[in-house]
Structure formats: C-alpha cells, structure tokens
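A.B. asks: Shown below is the structure under consideration.
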Amino acid sequence: KAGVTQTPRYLIKTRGQQVTLSCSPISGHRSVSWYQQTPGQGLQFLFEYFSETQRNKGNFPGRFSGRQFSNSRSEMNVSTLELGDSALYLCASSGWLMNTEAFFGQGTRLTVV
Amino acid sequence: GENVEQHPSTLSVQEGDSAVIKCTYSDSASNYFPWYKQELGKGPQLIIDIRSNVGEKKDQRIAVTLNKTAKHFSLHITETQPEDSAVYFCAASKGNNFNKFYFGSGTKLNVKP
C-alpha cells in the first residue's frame, strides 16, 4: 500500500510570490490534514479536509488556503509569501473515522528568499 | 485550546539502556495520544498510540502509559539501539476535533553505541 505522497519535495520561492503544494493520501483515506513545521514553533496545525470540505482550521492568516478534490488529493496554497513562511509543510492522511491514526508524508521543504 | 508539554528536549543514552519521554496535556477532553518518530529529512512516523480508555500499550520494545487523572503520558523505549536515534513527538487530540493534533515540542534522542 503506497504511503502519503507530497510534491514537490523542495521549493525555493521569492518573497511576494505564491506557491501550491500537493498531497496524495493513502488509498481509501478521505481525511487530509496539513501542518507547518519550523524549529521555533514546532508542528502547527493548518487545516483539515474531509470529502472536499474543510472541517477544521488552525490559527494561520488567510494567505494560507487549501482544497480537496473528489479523489481525496489535497492542495494547499500560500499567497504573498513572507520570509517567515519558510518551513517544512507536512500532510497527514487519516481514515474516515474521526480521531484515528494519522500518517504523514515526507513533507515539502519551502524556502522563501 | 490544548497545550502539550514534552520533556526532556534532548536525551542521550547508552545502547541497551532504556529511554523515557514524558508529556503532559491540559485539556481533559483529549482522548487520543499518538507518538511519532522523525528522522532527519523525513516526515513523522507513527510508532505507537493510546486511547483514553487504556492505561498502557506495548509493542515490542516500545510502550506508552497514560495517566488520565494527572493528564500525562509517557513513551518508554527499552534496549535502545543506535537506529532509535531520532526526534520523538507526542501529540494529543479529541474526538470532536476532526483529526486536529496538538504536538509537543519534541525530544531529540541520541543512542550512543
């Protein structure tokens, strides 16, 4: 069974640009969550999608958005990039039940210069 | 919201010794507590989890204990091996929170051969 796939693995963007990250969950999983990981703030929840609906959202500005497609693949978008957005962005895949095991992808390392 | 504290931040043990990492949580409604291992350049890997209706769970050399009254849970690794060296994260979530996890700040475990 294939794991969670995130693309691309690495990205370098300029301040002010926008970026789109992609996540393909484990086959059969319908819940996709996104997290930002930085040395200073640790792992912080961005948002969670289930069956194309955002069910929960963390405390991030509106520049961070996401969506989920009918095949459960998810994308997150960050507009007007700031230097502080440099981080490892992780996607986690879970089954249809709430509060179940979450499996992470390898992440996308975003560097904003 | 939930606050998860994790100690120690670094832990160095000799190969074959045991390692214990402790976490406390603030929200008594939290009922699911996973532990993740993150190796350099990789995403977090689920290694064990426990639910609030269970006090202890074991999987080979790894065990987790939960004290609901004191709101703390611990990871125990016995007979440590160099390949156990990584950063370990505890997390907490509650059933109505749609797979939103609150993570501890991480423990860097170094197992010396």
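First to last, the protein sequences are chains P and R. Residues 1 to 113, numbered by our numbering, are exactly what the first sequence covers, in order. Residues 1001 to 1113, numbered by our numbering, are exactly what the second sequence covers, in order. From the three backbone atoms N, C-alpha and C, an ideal C-beta is built for every residue, glycine too.
Using the beta-carbon count (16 or more within 10 Å), is I12 (chain P) buried or exposed?
C.D. replies: Residue environment: I12 (chain P) is assigned as exposed (fewer than 16 neighbouring CB atoms within 10 Å of its CB, all protein chains considered).
A.B. asks: Can we say the segment 1028-1046 of chain R touches the segment 1087-1102 of chain R, given the rule of at least three CB pairs closer than 8 Å?
C.D. replies: With the cut-off at 8 Å, the segment 1028-1046 of chain R and the segment 1087-1102 of chain R touch.
A.B. asks: Could you please give me the residues that DSSP links to V32 (chain P) through a beta bridge?
C.D. replies: P:Y49, P:S93
A.B. asks: Kindly indicate if chain P contains any beta-carbon less than 8 Å away from that of S1026 (chain R).
C.D. replies: No, no contact with chain P.
A.B. asks: I need the DSSP call for D1059 (chain R), collapsed to helix, strand or coil.
C.D. replies: strand
A.B. asks: So within the segment 1004-1081 of chain R, which uninterrupted beta strand (DSSP E) runs reach at least 3 residues, ignoring any that extend past its ends?
C.D. replies: 1004-1007, 1010-1014, 1019-1025, 1032-1038, 1045-1051, 1056-1059, 1062-1067, 1072-1077
A.B. asks: Would you say F69 (chain P) and G1043 (chain R) are within 8 Å of each other, going by their C-beta atoms?
C.D. replies: Cβ atoms of F69 (chain P) and G1043 (chain R): not closer than 8 Å.
A.B. asks: Would you check if there are 3 or more beta carbon pairs closer than 8 Å linking the segment 73-80 of chain P to the segment 1062-1069 of chain R?
C.D. replies: Proximity of the segment 73-80 of chain P to the segment 1062-1069 of chain R falls short of the contact definition, fewer than three beta-carbon pairs being nearer than 8 Å.
A.B. asks: Any beta carbon from chain R within less than 8 Å of G40 (chain P)'s own beta carbon?
C.D. replies: no
A.B. asks: Give me, in chain order, the residues of the same chain whose beta-carbon lies closer than 6 Å to that of L1075 (chain R); leave out the 5 immediate sequence neighbours on both sides.
C.D. replies: Excluding its 5 nearest sequence neighbours in each direction, L1075 (chain R) has C-beta neighbours in its own chain below 6 Å: I1021, W1035, V1064, listed in chain order.
A.B. asks: So that I know if they touch, is there some Cβ in chain R lying closer than 8 Å to that of G16 (chain P)?
C.D. replies: no
A.B. asks: By DSSP, does E82 (chain P) sit in helix, in strand, or in coil?
C.D. replies: Coil at E82 (chain P), not helix or strand.
A.B. asks: With F1089 (chain R) as the anchor, note down where its beta strand (DSSP E) starts and where it stops.
C.D. replies: Per DSSP, the unbroken beta strand (DSSP E) holding F1089 (chain R) starts and ends at 1086-1092.
A.B. asks: With DSSP as the reference, identify every bridge partner of N71 (chain P), one or two as the case may be.
C.D. replies: Its beta-bridge partners do not exist; DSSP assigns none.
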